[in-house]
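Chemist: Let me begin by handing over the structure; questions about it come next.
There are 2 protein chains.
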Amino acid sequence: MTFVSARHLPYVGARCERCSLHSRCLTMGLEGAVLADFDAMLERPRPLKRGETLVHQGDRFANLYAVRSGSLKQVVAQGEVRDQVTHFYLPGELVGLDGIGGGDCPGNLVALESTYVCEFPFSRLEVLMQDSSALQNRLFHTMGEELRDHQRMMCLLSGRTADQRMASFLSGLSERFRLRGYSPTCFYLSMSRGDIGSYLGLAIETVSRVLGRFQQQQLITLEGRQVSLVALEKLRRIAEEGAGRHSGG
Amino acid sequence: MTFVSARHLPYVGARCERCSLHSRCLTMGLEGAVLADFDAMLERPRPLKRGETLVHQGDRFANLYAVRSGSLKQVVAQGEVRDQVTHFYLPGELVGLDGIGGGDCPGNLVALESTYVCEFPFSRLEVLMQDSSALQNRLFHTMGEELRDHQRMMCLLSGRTADQRMASFLSGLSERFRLRGYSPTCFYLSMSRGDIGSYLGLAIETVSRVLGRFQQQQLITLEGRQVSLVALEKLRRIAEEGAGRHSGG
DNA sequence: CTCAGTGCTTGAGATGCATCAAGGCTAGAA
DNA sequence: TTCTAGCCTTGATGCATCTCAAGCACTGAG
Numbered sequence: 001m002t003f004v005s006a007r008h009l010p011y012v013g014a015r016c017e018r019c020s021l022h023s024r025c026l027t028m029g030l031e032g033a034v035l036a037d038f039d040a041m042l043e044r045p046r047p048l049k050r051g052e053t054l055v056h057q058g059d060r061f062a063n064l065y066a067v068r069s070g071s072l073k074q075v076v077a078q079g080e081v082r083d084q085v086t087h088f089y090l091p092g093e094l095v096g097l098d099g100i101g102g103g104d105c106p107g108n109l110v111a112l113e114s115t116y117v118c119e120f121p122f123s124r125l126e127v128l129m130q131d132s133s134a135l136q137n138r139l140f141h142t143m144g145e146e147l148r149d150h151q152r153m154m155c156l157l158s159g160r161t162a163d164q165r166m167a168s169f170l171s172g173l174s175e176r177f178r179l180r181g182y183s184p185t186c187f188y189l190s191m192s193r194g195d196i197g198s199y200l201g202l203a204i205e206t207v208s209r210v211l212g213r214f215q216q217q218q219l220i221t222l223e224g225r226q227v228s229l230v231a232l233e234k235l236r237r238i239a240e241e242g243a244g245r246h247s248g249g
Numbered sequence: 001m002t003f004v005s006a007r008h009l010p011y012v013g014a015r016c017e018r019c020s021l022h023s024r025c026l027t028m029g030l031e032g033a034v035l036a037d038f039d040a041m042l043e044r045p046r047p048l049k050r051g052e053t054l055v056h057q058g059d060r061f062a063n064l065y066a067v068r069s070g071s072l073k074q075v076v077a078q079g080e081v082r083d084q085v086t087h088f089y090l091p092g093e094l095v096g097l098d099g100i101g102g103g104d105c106p107g108n109l110v111a112l113e114s115t116y117v118c119e120f121p122f123s124r125l126e127v128l129m130q131d132s133s134a135l136q137n138r139l140f141h142t143m144g145e146e147l148r149d150h151q152r153m154m155c156l157l158s159g160r161t162a163d164q165r166m167a168s169f170l171s172g173l174s175e176r177f178r179l180r181g182y183s184p185t186c187f188y189l190s191m192s193r194g195d196i197g198s199y200l201g202l203a204i205e206t207v208s209r210v211l212g213r214f215q216q217q218q219l220i221t222l223e224g225r226q227v228s229l230v231a232l233e234k235l236r237r238i239a240e241e242g243a244g245r246h247s248g249g
């Protein structure tokens, strides 16, 4: 008989092969023995409460995480500069890739609501990957996607108006929810206006004003953090409009 | 006797083990047979002329590249939105990671001056990595670093003043040159003011004005594209000052 | 219930940077 | 040499967004 640490409650029932996110997780395409090995490797820590920190900036890098339910934000503090939100993580997304090869974790990971994650020790993942090219490919692909996401974000932050950033943010969330089987037009913003502003490079008042404007223009409806995208196509168009700052028109 | 394609001039003399960038390249830590396999895998295409395109946006992703000498920029075109520079690559840096797992290349790669690269077919790299955990680690680490770079860039673009961006850009270049054995205080900007502006999210006129101001303040001296960082420490301090936009002070 | 704290909204004014416009410098072609 | 084209600089102006300030709504504690 073995004991389970206080931190790791026995989610004995949980198994990758039965997980609804299996096909969107690192496990995509894994089968049989490899999937079993993978499953045996991971931990399912107790759920995080809203505001609780999963990983602290500067912690030694050791694990990747997958969000099973709930959501997280990554917050980076840089010296005197005020903290900045660099990422939001939704169910089915892989967390912690930016710590790989860096020795320690580049930011705090904070739960935005009650959140369940799976924990993969990276050192064991490395071993598994040596035996499974499928798993190796999967992780490389996921990192490549994250690089492309960051690139899009850099383009967004550099030379787009507040309206475009907000429209892009909302339609981006919509797409991520849709891909995971949730409603693409009606969802709850688990992050505060302040988090959104920090992420988009806008003052909190600007976030509030833009959302208000969108509501007036009947692009969205808003009740607190519950948002409904009434005119998703128009939002998309705003997000991709040629005329931003720097655009000469 | 085999023929060499017109595109691939016979740099027969070049070998990874003798390359001065060996210890900063993907090959870092590789030895013996693995290094020889690696060497055998790569191509050394003819040098690119200034303005020449190594990879076109939308090309099928196939290769990673390492800069041996010269420099490149990555330019991303997004629909109606004007092109945006998302990256500069200096000698010893790995190019193309953001194409992994994406099917096609996310941006144009354009030489800023006469530039030599090495070309690694990614499919062969994948095979080599199955045999060499050192190589696998190395690539993961490099991708992790690139993610952290992007993160820093996102923080820079979101909520920092023009002066801070420029100071950060210059001290960042300085550091990259230093790490590669070049002078950290005196170097040539192979990119135009327009490229810098696009990269930093500033209008070209602003780039010019900020550089002028820095020169007046005796932080740098400037002759065309030749720059000398007179007060590198002050630049670093400006780059990391708490007071930016959004910082409440 | 009151009170304090937090998150959000709204208004008024300040400002950093983009934009528009003009001119200078350099390199290459004729 | 002159002409042209890029690239860069400098000045004047306008505007998007930040900042400051006030007030509302909600929540939890006492």
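If you're matching them up, the sequences are chains A and B in order. Mapped onto full-length UniProt numbering, the consecutive letters of the first sequence carry residue numbers 1 to 249. Mapped onto full-length UniProt numbering, the consecutive letters of the second sequence carry residue numbers 1 to 249. In this text, a Cβ means the ideal position worked out from N, Cα and C, and glycines have one as well.
#1: For Leu90 (chain B) versus Leu64 (chain B), is the C-beta spacing smaller than 8 angstroms?
#2: Under 6 angstroms Cβ to Cβ from Glu126 (chain A), same chain only, skipping five residues before and after it: list those, please.
#3: Using the three-state DSSP reduction, which class does Glu61 (chain A) fall into: helix, strand or coil?
#4: Of all the beta strand (DSSP E) runs that stay within the bounds of the region 95 to 150 of chain A, which reach a length of 3 or more residues?
#5: In whole angstroms, what separates the C-alpha of Ser190 (chain A) from that of Leu30 (chain A)?
#6: Helix, strand or coil, according to DSSP, for Gln226 (chain A) in the structure here?
#7: Return the first residue and the last residue of the beta strand (DSSP E) that Arg82 (chain B) is part of.
#8: Which first and last residues belong to the beta strand (DSSP E) in which Lys73 (chain A) is found?
#9: For a quick check, are the C-beta atoms of Arg237 (chain A) and Asp98 (chain B) less than 8 angstroms apart?
#10: If you measure from the beta carbon of His8 (chain A) to each beta carbon in chain B, is any gap under 8 angstroms?
#11: For Gln226 (chain A), which option in A:Leu202, A:Ser183, A:Glu240 has the closest C-alpha, if you only look at C-alpha atoms?
#12: Distance, Cα to Cα, Gly102 (chain B) vs Leu139 (chain A)?
#13: Could you check the C-alpha separation between Leu157 (chain B) and Ser198 (chain B) for me, to the nearest Å?
#14: To which residues does DSSP link Glu43 (chain B) through a beta bridge?
#15: Where do the ends of the beta strand (DSSP E) carrying Thr27 (chain B) lie?
#16: Can you list, in chain order, the residues of its chain whose CB lies under 7 angstroms from that of Thr2 (chain B), leaving out five sequence neighbours each side?
#17: May I ask you to report which of helix, strand or coil DSSP gives Ala6 (chain B)?
#18: By the criterion of Cβ-Cβ separation under 9 angstroms, what are the contact partners of Leu42 (chain B) in chain A?
#19: From Gln151 (chain A) to Thr221 (chain B), what distance separates their C-alpha atoms?
#20: If you measure between the beta carbons of Met143 (chain A) and Met153 (chain B), is that distance less than 8 angstroms?
#21: Here's a check: name, in chain order, each residue in its chain whose Cβ is nearer than 8 angstroms to the Cβ of Met28 (chain A), leaving out the five neighbours to either side.
#22: From this set, B:Phe88, B:Glu80, B:Ala167, B:Gln164, which residue's C-alpha is nearest Glu240 (chain A)'s C-alpha?
#23: Count the other CB atoms, across all protein chains shown, that sit within 10 Å of the CB of Ser20 (chain B); report buried if there are 16 or more and exposed otherwise.
#24: Return the CA-CA distance between Gln215 (chain B) and Cys16 (chain A), expressed in angstroms with no decimal places.
#25: Taking 8 angstroms as the cut-off, decide whether the C-beta atoms of Val55 (chain A) and Leu109 (chain A) are in contact.
#26: Would you give the residue range spanned by the alpha helix (DSSP H) that Tyr188 (chain A) belongs to?
#27: Using 8 angstroms as the threshold, is the C-beta distance between Arg193 (chain A) and Glu113 (chain A) below it?
#28: Could you name the residues of the same chain whose beta carbon sits closer than 6 angstroms to that of Gly92 (chain A), not counting the 5 residues immediately before and after it, in chain order?
#29: Between which two residues does the alpha helix (DSSP H) carrying Leu48 (chain A) extend?
#30: Quick one: what does DSSP say Ser20 (chain B) is sitting in, helix, strand or coil?
Modeler: Checking against the coordinates, here is how it stands:
#1: no
#2: none
#3: Just to set this straight, residue 61 (chain A) is Phe in the shown sequence, not Glu. Reduced to three states, the DSSP call for Phe61 (chain A) is coil.
#4: 108 to 111, 116 to 121
#5: 32 angstroms
#6: strand
#7: 81 to 89
#8: 72 to 78
#9: no
#10: Reliability fails at His8 (chain A), whose pLDDT of 45 lies under 50, so the model's placement of it is uncertain and no value is given.
#11: A:Ser183
#12: 13 angstroms
#13: 11 angstroms
#14: B:Glu119
#15: Taken as a continuous stretch (DSSP letters only), Thr27 (chain B) belongs to no beta strand (DSSP E), as it is neither H nor E.
#16: For Thr2 (chain B), the predicted model reports a pLDDT of 44, less than 50, meaning its position is unreliable; a value from the coordinates is still stated below. For Thr2 (chain B), where only same-chain residues beyond five positions count, there are no Cβ hits under 7 angstroms.
#17: Unreliable placement is indicated for Ala6 (chain B), whose pLDDT of 41 sits below 50; no coordinate value is reported for it.
#18: Within 9 angstroms Cβ-Cβ: nothing; Leu42 (chain B) doesn't reach chain A, min ~18 angstroms.
#19: 32 angstroms
#20: no
#21: His22, Arg138
#22: B:Glu80
#23: exposed
#24: 59 angstroms
#25: yes
#26: Not the alpha helix (DSSP H): Tyr188 (chain A) falls in the beta strand (DSSP E), residues 186 to 188.
#27: no
#28: Leu21, Arg24, Arg180
#29: Unbroken run through Leu48 (chain A): none, as it is neither H nor E.
#30: coil
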